[in-house]
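Chemist: When you line the sequence shown up against the working numbering, it's residues 232 to 770, in that order.
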Amino acid sequence: MTATRTLDALIVGAGLSGLYQLYRLRELGFTTRVLEAADGVGGTWYWNRYPGARCDVESMSYSYSFSPELEQEWTWTEKYPTQPEILGYVNHVADRFDLRRDITFNTRVTTAHYDEARRQWRVETDTGESIDSRYLIMATGCLSTSKLPEIPGLERFQGPTYHTGHWPHEGVDFSGMNVGVIGTGSSGIQSIPIFAEQAATLTVFQRTPNFSMPAGNRPLSEDEIAEMKANYRDWREAQRTSGFGVPVPLPTKSALEASEEERNAVYQAGWDKGNLVAILTAYTDSITDKASNDTAAEFVRRKIRETVTDPEVAETLCPTSYPFGTKRPCLDTGYYETFNKPHVSLVDLRKTPLVEMTERGVRTSEREYEFDAVVFATGFDAMTGTLGAIDIRGKGGVALKEKWAEGPRSYLGLTVAGFPNLFTITGPSSPSVLSNMIVSIEQHVDWVSDCLAYLRERGLAEIDATVEAEDAWVAHVEEVGNATLYPTADSWYMGSNVPGKPRVFMAYIGGVGVYRQLCDEIAAKGYEDFALEGALARA
Numbered sequence: 232m233t234a235t236r237t238l239d240a241l242i243v244g245a246g247l248s249g250l251y252q253l254y255r256l257r258e259l260g261f262t263t264r265v266l267e268a269a270d271g272v273g274g275t276w277y278w279n280r281y282p283g284a285r286c287d288v289e290s291m292s293y294s295y296s297f298s299p300e301l302e303q304e305w306t307w308t309e310k311y312p313t314q315p316e317i318l319g320y321v322n323h324v325a326d327r328f329d330l331r332r333d334i335t336f337n338t339r340v341t342t343a344h345y346d347e348a349r350r351q352w353r354v355e356t357d358t359g360e361s362i363d364s365r366y367l368i369m370a371t372g373c374l375s376t377s378k379l380p381e382i383p384g385l386e387r388f389q390g391p392t393y394h395t396g397h398w399p400h401e402g403v404d405f406s407g408m409n410v411g412v413i414g415t416g417s418s419g420i421q422s423i424p425i426f427a428e429q430a431a432t433l434t435v436f437q438r439t440p441n442f443s444m445p446a447g448n449r450p451l452s453e454d455e456i457a458e459m460k461a462n463y464r465d466w467r468e469a470q471r472t473s474g475f476g477v478p479v480p481l482p483t484k485s486a487l488e489a490s491e492e493e494r495n496a497v498y499q500a501g502w503d504k505g506n507l508v509a510i511l512t513a514y515t516d517s518i519t520d521k522a523s524n525d526t527a528a529e530f531v532r533r534k535i536r537e538t539v540t541d542p543e544v545a546e547t548l549c550p551t552s553y554p555f556g557t558k559r560p561c562l563d564t565g566y567y568e569t570f571n572k573p574h575v576s577l578v579d580l581r582k583t584p585l586v587e588m589t590e591r592g593v594r595t596s597e598r599e600y601e602f603d604a605v606v607f608a609t610g611f612d613a614m615t616g617t618l619g620a621i622d623i624r625g626k627g628g629v630a631l632k633e634k635w636a637e638g639p640r641s642y643l644g645l646t647v648a649g650f651p652n653l654f655t656i657t658g659p660s661s662p663s664v665l666s667n668m669i670v671s672i673e674q675h676v677d678w679v680s681d682c683l684a685y686l687r688e689r690g691l692a693e694i695d696a697t698v699e700a701e702d703a704w705v706a707h708v709e710e711v712g713n714a715t716l717y718p719t720a721d722s723w724y725m726g727s728n729v730p731g732k733p734r735v736f737m738a739y740i741g742g743v744g745v746y747r748q749l750c751d752e753i754a755a756k757g758y759e760d761f762a763l764e765g766a767l768a769r770a
C-alpha cells in the first residue's frame, strides 16, 4: 500500500475533457493529477478502434478552441475525422502541452468517499493507492462503459467475439469468415460496410432500424482549410451560441407551412452535405411536432427504399417506430448499399427475437446461425454507467448510485447536491450528447476552473449545490425535454437500452448557447444556488 497523496484536484479520465481540465488547472496553479484506466490518452477515441470509426462532427469543428496556436498548427485531412486521426490529434495535444507527466495510466478508480470533517475526497484505486483531494472532477465520458446484448449463453460460443467499444488494437481480419454482427447503432452502421468487404458471409441482426445518411466524406482542400483557419475566432463564437454546437441557419417556419417540393429541396441540401443538424433543425417544429417530423422521416425512408434493391429488406431497414432524430441518427459510408451484396443478409429481431448464443453461433426463435466470429455492436450504458460503476459516496455516506436509483439528478449536469466539491464534465442534465461534445467539454471545464479559482480567492473549502436548485433544474430539464419528441423514443438518451435502468431523458435540449448563458449568470451572481462553506486551510 502506497502512502496517501494530497492534491488540490483529482481528475478521472484522460480523454478530451480530462486533458483540457488538466491544462486549465495546471495553468491556474492547482496541484492536479489525472487517473486513467487505459495505457494512453484519448478516452472514447482510445477504445473505439473498430473499422470505420469516425466522428459525425466535421473535423475542423471537432477540435479544441482554447489555443489559437494549436488551431493553426494542426491540419486535418478529411471532412469527418477517422478514429486514428482523432487519436493522433489527442496525443499531439498531450505532448504539445506536456500533459503526460501529470497522468497516471493503467489505474482505475474504485471508490471515492467524501470526508465531511476534512472537506475533501478520499479516492482509492485498483492499484492500491489512496489519494486525498479537495476537488474530484469526473471526466469519465458519456460513452465509456460498453454493454453486451441481454441473451443467454454469451460464454458458450466457441469462436472469437468482439465488442466495437473495445476493439483489439492490432485489428481483426475477417477474410473468408462467416461473421455475425449484433446491433445497428452508430458503431454497427460504420463498421458493417467494412466487415462486408472482408467476410465470406455477413449476417446482421437488427432489433431497431436506425436513420442514417451518407457522410459524403472526402479530403479537405487547402483552400477550405485556410479559410476556416482565417475565420476560426468567429466560427468558434458561433459554435458556442448555437443550439447543438454546430452552427446552422435558424429556421423561420413550420415544416407544415412549406410545400412538399420546398421541404424536399431543404432536406436534399442537408442530405447532400452530410449534415444531420441541418435536417434536424430545418424547421421550427422539426423536433416538437410529430407531423412535421414525419416529413423528414419519410424523406430518409424514401432514400433507403431507393438505395436497397430488395423491397422487403428496404422496409426492414426503414425506421417507423420513433421520430427522426430521437434516437441518435448516424452518418455512414455505403451502409444501405451493403445490403445489396449477395453475401450480406439481414435478420429482423422484431420478427424472430434472439434466443441464445450457442457453441456454433446465434439462435433466434426461427433457427440457428453458425459463425466463425461474432461482433457485438451493442453500444453503451451511456451517461451514468461509468459513474455508477464507481463507489462514490457523498455527505452522510450516501451513494451516488443510490441517489440516482430513479434516474440521475444533478444541478446543471455539473454538480450533485450532497456531493460537495464533485464535478461531472458533460454530466447528465447538460447538453452533453445532444451537442458537439468538444464545445460542451470546453464550456464545462472553463466553468469548473473559474469556480475553483473563485473559491480559492475567497478562502472557501467547499461548494455544494442546494437541493432546491437541483430540484428546480431537474424539473426544468424534464419540462424542456417533454416539449420535444425525444421522450417518445426508446433510446440510450432515455436509458432504454439498459434493462432495469430508469427511463429518464438524460440530456438538456434547451440549447448549447442558452445553457452557457445560464451557467455564466449563475457564476456571475457568486454561485448563489450553491452552499459555499468553510475556511480553506492555508499551508
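Glycine residues also receive a C-beta, built at the ideal position from the N, C-alpha and C atoms. Treat the numbers as computed from the prediction; the structure is a model and nothing was measured.
1. Excluding the 5 residues flanking aspartate 239 on each side, which residues of the same chain have their C-beta closer than 6 Å to its C-beta?
2. Along the chain, where does the beta strand (DSSP E) that runs through aspartate 695 open and close?
3. Can you tell me which of the three DSSP states phenylalanine 607 falls into?
4. Curious, which full-length beta strand (DSSP E) runs of at least 3 residues does the segment 310-367 contain?
5. What does DSSP give as the partner residue(s) for methionine 369 in the beta ladder?
6. Whole angstroms are fine: how far does the CA of arginine 280 sit from the CA of glycine 726?
7. At which residues does the beta strand (DSSP E) containing glutamine 437 begin and terminate?
8. Just the Cα atoms here: how many angstroms apart are glutamate 455 and glutamate 468?
9. If you compare alpha carbons, which of Trp307, Gly396 and Asp326 is closest to tyrosine 254?
10. Spatial neighbours of arginine 532 within its chain, please: CB distance less than 8 Å, with the 5 preceding and 5 following residues excluded, ordered by chain position.
11. On the DSSP bridge list, what partners appear for proline 445?
12. For the alpha helix (DSSP H) that methionine 291 lies in, which residues bound it at each end?
13. Classify phenylalanine 570: buried if its beta carbon has 16 or more other beta carbons within 10 angstroms, exposed otherwise.
14. Count the other CB atoms, across all protein chains shown, that sit within 10 Å of the CB of glycine 741; report buried if there are 16 or more and exposed otherwise.
15. Could you check whether glycine 244 and threonine 371 sit closer than 8 Å to each other, using their CB atoms as the reference points?
16. What did DSSP end up calling methionine 725 once you bin it into helix, strand or coil?
17. Report the three-state DSSP secondary structure of glycine 208 (helix, strand or coil).
18. Would you please state the rounded distance, in angstroms, between the beta carbons of isoleucine 425 and glycine 319? I believe it to be under 8 Å.
19. So, histidine 344 versus leucine 433, is the Cβ gap smaller than 8 Å?
20. Using DSSP with H/G/I as helix, E/B as strand and the rest coil, what is leucine 238?
21. Quick one, are the C-beta atoms of aspartate 579 and threonine 547 less than 8 Å apart?
22. For the segment 612-628 against the segment 584-593, do three or more pairs of beta-carbon atoms, one drawn from each stretch, fall closer than 8 Å, so that the two count as touching?
23. Between arginine 747 and glutamine 674, how many whole angstroms is the CB-CB distance? I'm expecting something under 8 Å.
24. Could you tell me the alpha carbon to alpha carbon distance between glutamate 764 and proline 639, rounded to whole angstroms?
25. Applying the criterion that 16 or more other CB atoms from any shown protein chain within 10 Å of the CB defines a buried residue, is arginine 598 buried or exposed?
26. With a threshold of 8 Å, are at least 3 pairs of Cβ atoms found where one atom belongs to the segment 658-671 and the other to the segment 350-365?
27. By Cβ distance below 7 Å, which residues in the same chain neighbour proline 450 in space, the five residues on each side in sequence not counted?
28. Leaving out five residues before and five after arginine 387 in sequence, what residues of the same chain have Cβ atoms less than 7 Å from its Cβ?
29. Check valine 679 in the structure and name its three-state DSSP category.
30. Using three-state DSSP, classify histidine 394 as helix, strand or coil.
31. Does glutamate 811 pass the burial test, meaning 16 or more other C-beta atoms within 10 Å, or should it be called exposed?
32. Go ahead and pull the three-state DSSP assignment for arginine 591.
33. Please return the same chain residues whose Cβ sits closer than 8 Å to the Cβ of alanine 630, not counting the five positions on each side in sequence.
34. How far does the beta strand (DSSP E) with arginine 264 in it extend, from its first residue to its last?
35. Quick one: what's serine 671 bridged to in DSSP?
36. Would you say the segment 641-659 touches the segment 683-697, given that touching needs at least three Cβ pairs under 8 Å?
Modeler: This is what the structure gives:
1. Phe261, Thr262 and Arg365
2. From DSSP, the beta strand (DSSP E) with aspartate 695 extends over 691-696.
3. strand
4. Assignment of beta strand (DSSP E) within the segment 310-367, counting only whole runs of 3 or more residues, yields 340-346 and 351-356 in chain order.
5. Bridge partners of methionine 369: Val243 and Thr655.
6. Their backbone Cα atoms lie some 24 Å apart in a straight line.
7. 432-437
8. 19 Å
9. Asp326
10. Cys549, Pro550 and Thr551
11. Asp563
12. Note, methionine 291: premise wrong, no alpha helix (DSSP H); not H, not E.
13. buried
14. buried
15. yes
16. coil
17. This structure cannot settle anything about residue 208, because the visible part of the chain is limited to 232 through 770.
18. Contact doesn't hold; Cβ gap of about 20 Å is too wide.
19. no
20. strand
21. yes
22. Because the criterion of three Cβ pairs below 8 Å is not met, the segment 612-628 and the segment 584-593 do not touch.
23. Taking 8 Å as the upper bound for CB-CB distance, arginine 747 and glutamine 674 are in contact here, some 6 Å apart.
24. 25 Å
25. exposed
26. The segment 658-671 is not in contact with the segment 350-365.
27. Thr308 and Glu309
28. Met588, Thr589 and Glu590
29. helix
30. strand
31. Since the displayed the chain opens at 232 and closes at 770, residue 811 lies outside it and no answer follows.
32. coil
33. Asp622, Ile623 and Arg624
34. 263-266
35. According to DSSP, serine 671 bridges with nothing at all.
36. At 8 Å Cβ cutoff, the stretches touch.
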